[in-house]
Each structure stands twice: as structure tokens, then as C-alpha cells.
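Right, dumping it as C-alpha cells:
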């Protein structure tokens, strides 16, 4: 009966060499063993398998059914080990998966620009997970992604963060809206196009610029809501309201001529942090992507 223990790698090596030479003495000579030592390894392997592996015929032998199965297994394992060692020794910067998590607005900005590396090197596979801060960090912790871009600092000691830029928030109105609203009431008359991050963004941007606001949740008069980032500015472009979004999302909107970003006395930005695991070394293929993300976010901050 087959014993549920790991097969002894030394005995397997002896068995494979025996099938190559077809001779016990030659196997011993090549492995630096005696002929009885080869026989002993074979006997122990048969005990571990629970079945005979060869049928002796004169001075030669034939593999049994179990011997053929074991040889196939051993050769496959040997190849897998060789491939593993080669993969460890060769860290190809142009091959493998690139797994990133970030917000929807950052994905709109970064994804098309990062794809050029995959076009240049088809061995790469870029995977971008759109997620809010808390989920991006959770994906990183569970090794589902290898780096993420978030707008908050984390207290988790297992992570390392680098500030790579700032993402401006924008107050976006229809193109024909007045240049500078004198009061919050001017915006309220237009109405707020809400979205999943709408209340949060509105509070951060509107409160310092319109001191007459008491509470964003109570004061905002919503005239629409949509949870798809690429569509949030559609009702704004049609004159149905205003909204607050990161500049990356605003600049990616196709109908730029139908919207306008209002200049504010108190600009507001979210810091951007490139975040990785502190004790996990990234593969060489991440070098270009990490640098490119930092450069692109830096350009966005200075534009």
C-alpha cells in the first residue's frame, strides 16, 4: 500500500539514473555508490511506493507499470525543478504579470500610458484593479497586487509608502456657467451631480472655498447620481449640474469644450502614495512601472 509521505529525492535520483543506464553497477559508478547501495535505494523506494518498480530479466530488467508511472513523475519533477532554478536565477524585466491597484481616476490617467510597455514587450501582462484606498491596501496585504497608489498614509508597519505627487480636486461646471460663483447659492441653483466619492470630495473642496456651508451632506442639492466614473461628467456637460472630481478624471473626459474647471481661492489636492510591502522584493519588471508611475504623478502635480 502506498505510504502518504514525500518521495525521497535521493532514491528518485538513483532510480532515474538506473533507468538511463539499465545497469546497477554503471549506475553506482556514475553516482559514486556501490552496486548494493543502488539496490538498497531501489528497495527503499519500492517500500515507499508499495509496489515493485522493476522486473529482473537475467542481468537486465524491465520497468513495471508502477515503475513507468514513477519514472514519468520523476522526470516531470526534475524538469520543474530545473525550470524553477532558471526562473529564480533569471529575473527578466520584460516578462511576467504587473499587478497594480489604484482609484478609478488614477486608472484613467495611468493605464493607457503604462500599456506602451506591454506593447513594446508582449511578455508582460498589465493587470490594474480599480479600488478605493482601503481595498487597495487590503489587496496589497493579501498579495493579490504587488503595488498600489493611494491617497492616504497607512499606519501598517508592514508597508512602505513613497509620496509621488498630488492629485488636484476640481470643481467642474458646464462650459456656459458663470466664471466665478460669488456664493455657494450660485452652485446650488445649478445642482450637484453626485457619485460614490461625491460627498467626500465636495466636503474637502467646497468647505474651504465657501465658508457659508454648514454641512455638505445637508446643504448639497443633488440633481443626479451615477456610479460609473467615465459618465459622471456627462450630465455636467449637458448643463444639469456641477460636480467635484480629481483632475485626472476631468482631463480624460472627451467633451472638454462642454465643461469648465473653476479657479478657486483655496486649491485642494490629495497626496499620492506609491505603496509596497516593506519586506517583499519586487521583480525587476516592476522597476520601469514604478518609475513611470512616479514620473507621471509628479508631472500631474506640477502641471
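Numbering (our numbering), first residue to last: 551 to 853. Glycine included, each C-beta is placed from N, C-alpha and C at the ideal position.
Which residue from the options puts its Cα closest to that of residue i?
{"i": "residue 690", "options": "653, 726, 709", "result": "709"}
{"i": "residue 766", "options": "774, 773, 756, 775", "result": "756"}
{"i": "residue 817", "options": "754, 640, 605", "result": "754"}
{"i": "residue 603", "options": "617, 591, 593", "result": "617"}
{"i": "residue 809", "options": "821, 782, 815, 827", "result": "782"}
{"i": "residue 761", "options": "733, 676, 695", "result": "733"}
{"i": "residue 700", "options": "694, 692, 682, 633", "result": "682"}
{"i": "residue 724", "options": "772, 793, 714", "result": "793"}
{"i": "residue 850", "options": "837, 715, 813", "result": "715"}
{"i": "residue 659", "options": "742, 784, 717, 615", "result": "717"}
{"i": "residue 727", "options": "713, 812, 581", "result": "812"}
{"i": "residue 627", "options": "814, 556, 776", "result": "556"}
{"i": "residue 735", "options": "705, 745, 749, 771", "result": "771"}
{"i": "residue 721", "options": "678, 674, 814", "result": "814"}
{"i": "residue 737", "options": "763, 712, 745", "result": "763"}
{"i": "residue 790", "options": "776, 802, 645", "result": "776"}
For residue i, which three-state DSSP category applies?
{"i": "residue 712", "result": "strand"}
{"i": "residue 833", "result": "coil"}
{"i": "residue 602", "result": "coil"}
{"i": "residue 753", "result": "helix"}
{"i": "residue 728", "result": "coil"}
{"i": "residue 722", "result": "strand"}
{"i": "residue 694", "result": "coil"}
{"i": "residue 717", "result": "strand"}
{"i": "residue 552", "result": "In this prediction, residue 552 has a pLDDT of 46, which is less than 50 and means its spatial position is unreliable; what the coordinates show is noted afterwards. Residue 552: coil per DSSP, three-state reduction."}
For the alpha helix (DSSP H) that contains residue i, what are its first and last residues?
{"i": "residue 633", "result": "615–639"}
{"i": "residue 599", "result": "585–599"}
{"i": "residue 686", "result": "683–691"}
{"i": "residue 747", "result": "Residue 747 -> no alpha helix (DSSP H), and no H or E assigned at all."}
Could you tell me which residues DSSP pairs with residue i in its beta bridges?
{"i": "residue 674", "result": "646"}
{"i": "residue 679", "result": "651"}
{"i": "residue 610", "result": "607"}
{"i": "residue 574", "result": "According to DSSP, residue 574 bridges with nothing at all."}
{"i": "residue 742", "result": "772, 792"}
Looking at the unbroken beta strand (DSSP E) that takes in residue i, where does it start and where does it end?
{"i": "residue 810", "result": "809–811"}
{"i": "residue 820", "result": "819–827"}
{"i": "residue 697", "result": "697–700"}
Are there any heavy atoms of the ligand GDP lying less than 6 Å away from the beta-carbon of residue i, as far as the coordinates show?
{"i": "residue 655", "result": "Looking at this structure, you won't find the ligand GDP or any other ligand, since it has none at all."}
As an exercise, report each continuous alpha helix (DSSP H) stretch of at least 4 residues that is fully enclosed by the stretch 761–812, in chain order. Runs found: 766–769, 783–787, 797–801.
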